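Shown next, in structure tokens, is the structure this report addresses.
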Amino acid sequence: MPEDPLRGYEPSVRDYLARCDTDEEALEVLQYLVKRGELDEERASELEREIREKGVRSLVERRHFGYYLERYYDPEERRYRG
């Protein structure tokens, strides 16, 4: 079986925002990433402004539970897609 294509993958800010249900949740995620040092204050402010003006969906489509499994795993072949 091929190795998991997501092994070792580091999610981006967009990946985190894609999992948010609401603009408020997205704003909390930005604060969390700044606190952890994964996002600088300037970029966080830019993203926050866009979320407040246009909504998180203006930045990225919603990724539902199971998105990565659907995208990277073939259940019929019982293996990861290459």
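Read in order, the letters of the sequence shown correspond to residues 1 to 82 in UniProt numbering.
From the three backbone atoms N, C-alpha and C, an ideal C-beta is built for every residue, glycine too.
Just so we're clear, the structure is a prediction, and the values are computed from it rather than from any experiment.
Item to complete: State buried or exposed for tyrosine 16, treating a residue as buried only when at least 16 other CB atoms are found within 10 Å of its CB.
Response: Classified as buried, tyrosine 16 has 16 or more neighbouring CB atoms from the shown chains inside 10 Å of its CB.
Item to complete: Compute the Euclidean distance between the alpha carbons of serine 12 and arginine 79, then round it to the nearest angstrom.
Response: The alpha-carbon atoms of serine 12 and arginine 79 are separated by roughly 25 Å.
Worksheet item: If you draw a straight line from the C-alpha of glutamate 42 to the C-alpha of isoleucine 51, how long is it?
Response: Using only the alpha carbons, I get a separation of about 14 Å.
Item to complete: Apply the 10 Å Cβ neighbour rule to leucine 69 and answer buried if 16 or more other Cβ atoms are within range, or exposed otherwise.
Response: The residue is exposed, with fewer than 16 neighbouring Cβ atoms inside 10 Å.
Worksheet item: Beta-carbon of aspartate 21 versus every beta-carbon of chain C: anything under 7 Å?
Response: Of the chains in the structure shown, none is chain C; there is only one protein chain.
Item to complete: For leucine 47, count neighbouring Cβ atoms within 10 angstroms of its own Cβ and tell me buried if that reaches 16, exposed if not.
Response: Label assigned to leucine 47: buried.
Worksheet entry | Residue burial classification, leucine 39 (beta-carbon count within 10 angstroms, cutoff 16) | Buried is the call here.
Worksheet item: What residue does the alpha helix (DSSP H) around aspartate 23 start on, and which one ends it?
Response: Residue range 23–35 is occupied by the alpha helix (DSSP H) that includes aspartate 23.
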